[in-house]
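In the order they appear, the protein sequences are chains Y and H.
Sequential numbering from 12 applies to the first sequence in my numbering.
Sequential numbering from 49 applies to the second sequence in my numbering.
Think of the CB as a built atom: it goes at the ideal place given N, C-alpha and C, for glycine as much as any other residue.
Quick caveat: nothing in here was measured; it's all calculated off a predicted structure.
Note sheet for the following structure.
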Amino acid sequence: MAVASPELSDRVAGSHPGVLAFLFRRAAASLIRLVVFVVIVFFLIEALIPYDNTSVGPGDSVSERFVDYMLGLARGDLGQSYGGASVTALIFESLPTTLLIFATGGILAYLLGSWLGRIVEWRRGPIEGGRIAGGLATAVGLVLYTMFPPLLIFLLVHFGRDPLLSARSALGLPTDSLVVFRDAGFDEAQLISFGGRALLVALLIAVIARSGARRMGWRLLPALVLPAALAAMVVAVARLGVGRQALDVFFFRSSREVEIGAGSPVLVVVAFLLVAFGEVMFVWRAGIADERSEDYVLTARAKAVPEFLVRDRHVARNVVLPVLARSFAALPFLLTGLIIIEYQVQIGSCALSQGAECVYWSGGLSTTLFSAVRNADTPVILGVLVVMGLLLLVLRLVAEIAQVSLDPRIRLGGER
Amino acid sequence: MNVDRAPDRLPSPITGTGRQMLRSLKVRVGLSVFVLLLGDAAAHPLLQATIWNGQESIYSPETGHDRDLEHPTGPSGAHVLGTDALGRDVLSTLTFSLAPALQVAVLAALVVGLLSIVFGSLAAYSRGWIDVAVTSVGDAFSLLPPTIVLLVVGVGKPAFGMIDAALLFGLLYGLGPGALVIRSRALSVVEKPFIDAARVAGSGPGRIIRSQMLPHLLPYAGVQMMGAGIGALISVAFIQYLGATDESRVGLGSMIYTAIDVQPVLPTGFGSFNMGDFHARIGWTSLLSAGLAMTLIAAAFYLVAVGSRDAVIPRTRR
Chain Y
12 MAVASPELSD
22 RVAGSHPGVL
32 AFLFRRAAAS
42 LIRLVVFVVI
52 VFFLIEALIP
62 YDNTSVGPGD
72 SVSERFVDYM
82 LGLARGDLGQ
92 SYGGASVTAL
102 IFESLPTTLL
112 IFATGGILAY
122 LLGSWLGRIV
132 EWRRGPIEGG
142 RIAGGLATAV
152 GLVLYTMFPP
162 LLIFLLVHFG
172 RDPLLSARSA
182 LGLPTDSLVV
192 FRDAGFDEAQ
202 LISFGGRALL
212 VALLIAVIAR
222 SGARRMGWRL
232 LPALVLPAAL
242 AAMVVAVARL
252 GVGRQALDVF
262 FFRSSREVEI
272 GAGSPVLVVV
282 AFLLVAFGEV
292 MFVWRAGIAD
302 ERSEDYVLTA
312 RAKAVPEFLV
322 RDRHVARNVV
332 LPVLARSFAA
342 LPFLLTGLII
352 IEYQVQIGSC
362 ALSQGAECVY
372 WSGGLSTTLF
382 SAVRNADTPV
392 ILGVLVVMGL
402 LLLVLRLVAE
412 IAQVSLDPRI
422 RLGGER
Chain H
49 MNVDRAPDRL
59 PSPITGTGRQ
69 MLRSLKVRVG
79 LSVFVLLLGD
89 AAAHPLLQAT
99 IWNGQESIYS
109 PETGHDRDLE
119 HPTGPSGAHV
129 LGTDALGRDV
139 LSTLTFSLAP
149 ALQVAVLAAL
159 VVGLLSIVFG
169 SLAAYSRGWI
179 DVAVTSVGDA
189 FSLLPPTIVL
199 LVVGVGKPAF
209 GMIDAALLFG
219 LLYGLGPGAL
229 VIRSRALSVV
239 EKPFIDAARV
249 AGSGPGRIIR
259 SQMLPHLLPY
269 AGVQMMGAGI
279 GALISVAFIQ
289 YLGATDESRV
299 GLGSMIYTAI
309 DVQPVLPTGF
319 GSFNMGDFHA
329 RIGWTSLLSA
339 GLAMTLIAAA
349 FYLVAVGSRD
359 AVIPRTRR
């Protein structure tokens, strides 16, 4: 029909301002949050580690610097480090690596944690084995989550090194990583950033395809999507002829002089995954436990809906909103955990190389942050904190939009 | 008939909740672990006064060194948990470090519990400008990872002690994520019919928050306190691990640092590098006992918090 009925077009037009107004309100609220956040951080840092006044004019008071900082921030300028470099440039040099690891590890941790959480909590019941598995999963998740990250990394590096090095030689890789990359025409950093982005895209497609397949009610397909996406990546890597280099990055890198590798970014992803999946699992378990005795579960069972569908389609849909909210609340702590892990993988594996030449990957945000902390470089510290806050704020806005699209009650019910 | 008197005849919701919690196996196991850890911490002064008495040079947790041995050593009669790379007795450093670690975790948890309940329930009950203020500050603080702030401050200010760290962590967490979580829980409690009933029955805001809302919020506050306790423990350990605090300070984090990073003898030249030598130099007892202590503290927090939540909110129990 070319002409829609006036009623319908009214209704359609009427629904749009609601969504747009909601988004606008949320974006405005985020901007206010950002300003409040920057004010608090600026004065907190100012109180705790005062700005070194010798590098600026003597007349620069705190209030003047604050106004300058806010004006600079509006232009995307985070000021100058004590060394004279632009803080914005310093941070954006190291941010992509951290973001890549955060996203890859985070998505993997979410998939693993939500799967384990659902399975374990749902199986809890009369069967004794189910309860034991639940207790075991809790214990493992808790130990990994509460284990001191440097200790976790140390154990990973210590016990993973020998098997990985022998796997390396079994695959025919030379002991020297530089040989692998000599004639490749690209360096390791480029490969990591390309591979990471490809992995991220593959994971995203897999997640979307999984939920699509589940919506269609196909049973086997959702379970196959993720392995298929990973297999496709492996095939693509082999076809592109970068297989050897990819293996080199994936296993421990080997340094020139001694047969001891420094940490690879893959190790950071693995460690982050181990630390983060427990959190997701706990949140999912709590959510399922909240919902499992609701009336609609009984109704669905009475209708003879298969048990996995009751779990994944009836219960999980009601659980996903609080889970999203709680997972996003955990993001600042996971980001901190990642920064600790990044630092430890570099420093820890260098400590293990015992004075041998230690070639480690140019790290992410942690490198910038820790060198700034060592040098008491206030502008850089402030910049890192502001950028982390900004990142978390953007993620939170994304979460809010996701929540609205999943649950129209939030939009209609106004602020909660 | 005075309707306001009716609730007084019921047992107090707080003590009732406490009794319910103690009936949970998880809570009892968690509390036993706490008692065990406290006992270990209390053993330090006792051991110093009795068995280690007069052997300060060997068994001091900070400066002790046994000259007769090449460190680190494994468990032996003289050193039950062995020694670390610096020659200190691991049992001595461990028992010495437990009390401050527990202090940090418990203090941070208490601060978070107090702040989040007070501000969260107040914001949800009164709405209006109080709500706006609590959520704005909470939003700002929840964008600021406390560990990073502690790290920055710990390195920047040498006089920054463990208690200061615990208080700062509690403040950032309690006003930030803690208050926000309790507020959102309190919002759903405020909408329950029994709050209206209490209001109609003539209860004032203070009484409603204390005896109607608090019992429903405590278990969630407990979970927040757990998160804060574990977070503060790990953050402080990380500051110690980085060696950011006073050099002589002994803690769980610095025990791990000493075990991993301080290698007493570097091999001469790359050629003579020997894996066997290197493996032997890691202070395994120091490393594992410090790691185990942190995991036990965290597990005790988890068991008490989750156990009492399950005991009080039967829906989460199965």
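Original post:
Who are the near neighbours of Y354(Y) in its chain, counting only those whose CB is closer than 7 Å to its CB and skipping five residues on each side?
Top reply: Excluding the 5 residues flanking it on each side, Y354(Y) has same chain C-beta neighbours closer than 7 Å at S377 and F381, in chain order.
**OP:** Check whether the stretch 119-131 of chain H touches the stretch 86-96 of chain H, counting contact only when three or more Cβ pairs, one atom from each stretch, lie closer than 8 Å.
**Re:** Counting Cβ pairs under 8 Å, fewer than three are found: no touch.
Original post:
Quick one: Cα of V214(Y) to Cα of V280(Y), how far?
Top reply: First, the residue type needs correcting, since residue 214(Y) is Leu and not Val in the sequence shown. L214(Y) and V280(Y) have their alpha carbons spaced roughly 14 Å apart.
Subject >> Positions along the stretch 225-241 of chain H whose CB lies within less than 8 Å of some CB in chain Y >> reply: Per Cβ criterion, the list reads P225, L228, V229, S232 and L235.
Original post:
G279(H) touches chain Y at which residues, Cβ-Cβ below 8 Å?
Top reply: By Cβ distance, chain Y contributes F344.
Original post:
Would a C-beta distance cut-off of 8 Å place P253(H) and F217(H) closer than the cut-off?
Top reply: The answer is no: Cβ separation not under 8 Å.
Subject >> T111(H) versus D79(Y): straight-line alpha-carbon distance, rounded >> reply: The alpha-carbon atoms of T111(H) and D79(Y) are separated by roughly 49 Å.
Original post:
When DSSP builds the beta bridges, which residues end up paired with D137(H)?
Top reply: For D137(H), DSSP records a beta bridge to T131(H).
Subject >> Cutoff 8 Å: S356(H) Cβ touching any chain Y Cβ >> reply: So, not an interface residue.
Original post:
Heavy atom of the ligand FMN less than 7 Å from the Cβ of T183(H), yes or no?
Top reply: This structure simply doesn't include the ligand FMN, nor any ligand for that matter.
Subject >> Local conformation of G310(Y) per DSSP, three classes >> reply: The question names Gly, but residue 310(Y) is Thr in the sequence shown. In the structure shown, T310(Y) adopts helical secondary structure according to DSSP, grouped into three states.
Subject >> Any chain H beta carbon closer than 8 Å to M399(Y) >> reply: Interface flag for M399(Y) against chain H is set, since a Cβ pair is found closer than 8 Å.
Original post:
In this structure, what does DSSP give as the bridge partners for Q91(Y)?
Top reply: Residue pairing from DSSP places Q91(Y) in a beta bridge opposite S97(Y).
Original post:
Closest to T343(H) by CA distance: which of A149(H), H264(H) and G161(H) is it?
Top reply: Closest option to T343(H), Cα to Cα, is A149(H).
**OP:** Return the Cβ separation of L101(Y) and V397(Y) in integer angstroms, given the expectation that the two are a contact with Cβ distance under 8 Å.
**Re:** In this structure, L101(Y) and V397(Y) do not form a Cβ contact; the two beta carbons are roughly 13 Å apart against a cut-off of 8 Å.
**OP:** Using a Cβ-Cβ cut-off of 8 Å, state whether I99(H) counts as contacting chain C.
**Re:** Here chain C cannot be found, since the structure's protein chains are Y and H.
Original post:
Would DSSP call T98(H) helix, strand or coil?
Top reply: Shown here, T98(H) sits in coil according to DSSP, grouped into three states, outside any helix or strand.
Original post:
If we cut at 8 Å on Cβ distances, does G212(H) have a partner in chain Y?
Top reply: Here the sequence assigns Asp to residue 212(H), which means Gly is not the residue at that position. No, D212(H) does not count as interfacial toward chain Y.
Original post:
Would DSSP call T195(H) helix, strand or coil?
Top reply: DSSP places T195(H) in the helix class (H, G or I) of the three-state scheme.
**OP:** Kindly say whether Y350(H), judged by its beta-carbon, lies nearer than 8 Å to any beta-carbon of chain Y.
**Re:** It does: the Cβ of Y350(H) has a partner Cβ on chain Y nearer than 8 Å.
Original post:
Using the rule of at least 16 other Cβ atoms within 10 Å of the residue's Cβ for burial, across every protein chain shown, is P343(Y) buried or exposed?
Top reply: Around the beta carbon of P343(Y), a 10 Å sphere encloses 16 or more other beta carbons of the protein chains shown; the residue is thus reported as buried.
Original post:
Can a CB atom of chain H be found closer than 8 Å to the CB of P161(Y)?
Top reply: Nearest CB-CB separation between P161(Y) and chain H: below the 8 Å threshold.
Original post:
How many angstroms separate the CA atom of N329(Y) from the CA atom of V291(Y)?
Top reply: Distance between the alpha carbons of N329(Y) and V291(Y): 16 Å.
Original post:
Given M274(H), which residues of its chain have a CB within under 8 Å of its CB, disregarding the five upstream and five downstream residues?
Top reply: A157, F349, Y350, V352, A353 and V354, listed in sequence order.
Original post:
Using a Cβ-Cβ distance under 8 Å, would F113(Y) count as near chain H?
Top reply: Chain H, which has no Cβ nearer than 8 Å to the Cβ of F113(Y), makes this no.
Original post:
Who are the Cβ neighbours of I350(Y) in its own chain at under 7 Å, not counting the five residues just before and after it?
Top reply: For I350(Y), where only same-chain residues beyond five positions count, the Cβ hits under 7 Å are L376, S377 and L380.
Subject >> Identity of the residue in L336(H), A276(H) and I308(H) nearest V152(H) by Cα >> reply: The shortest C-alpha separation from V152(H) is found at A276(H).
**OP:** Note down, in chain order, each residue of its chain lying with its Cβ closer than 7 Å to the Cβ of A359(H), except the 5 sequence neighbours on either side.
**Re:** Scanning its chain for C-beta atoms nearer than 7 Å, with the 5 sequence neighbours on each side dropped, one finds around A359(H) the residues Q68, M69, R71, S72 and V75, in chain order.
**OP:** My understanding is that V49(Y) touches L82(Y), with C-beta atoms under 8 Å, so please give their C-beta distance in whole angstroms.
**Re:** Not a contact, Cβ separation roughly 12 Å.
Subject >> A148(Y) and L127(Y) closer than 8 Å at C-beta >> reply: Cβ distance < 8 Å, so A148(Y) and L127(Y) count as in contact.
Original post:
Taking Cβ positions only, does V47(Y) come closer than 8 Å to chain H?
Top reply: Using a CB distance cut-off of 8 Å, V47(Y) counts as an interface residue toward chain H.
Original post:
Rounded to the nearest angstrom, how far is the Cβ of Q256(Y) from that of F205(Y), given a contact under 8 Å?
Top reply: Wrong, their Cβ atoms sit about 11 Å apart, outside the cutoff.
**OP:** Answer with yes or no whether the minimum CB distance from Y107(H) to chain Y is below 8 Å.
**Re:** No, its Cβ sits nowhere closer than 8 Å to a Cβ of chain Y.
Original post:
Under three-state DSSP, which class holds T121(H)?
Top reply: Taken through DSSP and simplified to helix, strand or coil, T121(H) comes out as strand.
Subject >> E302(Y) classed as buried or exposed, judged by whether at least 16 other C-beta atoms fall within 10 angstroms >> reply: Counting Cβ neighbours within 10 Å, E302(Y) comes out buried, since at least 16 surround it.
Original post:
Name the chain H residues that come within less than 8 Å of M81(Y), Cβ to Cβ?
Top reply: Within chain H, no residue comes near M81(Y); the closest Cβ sits about 15 Å away, beyond 8 Å.
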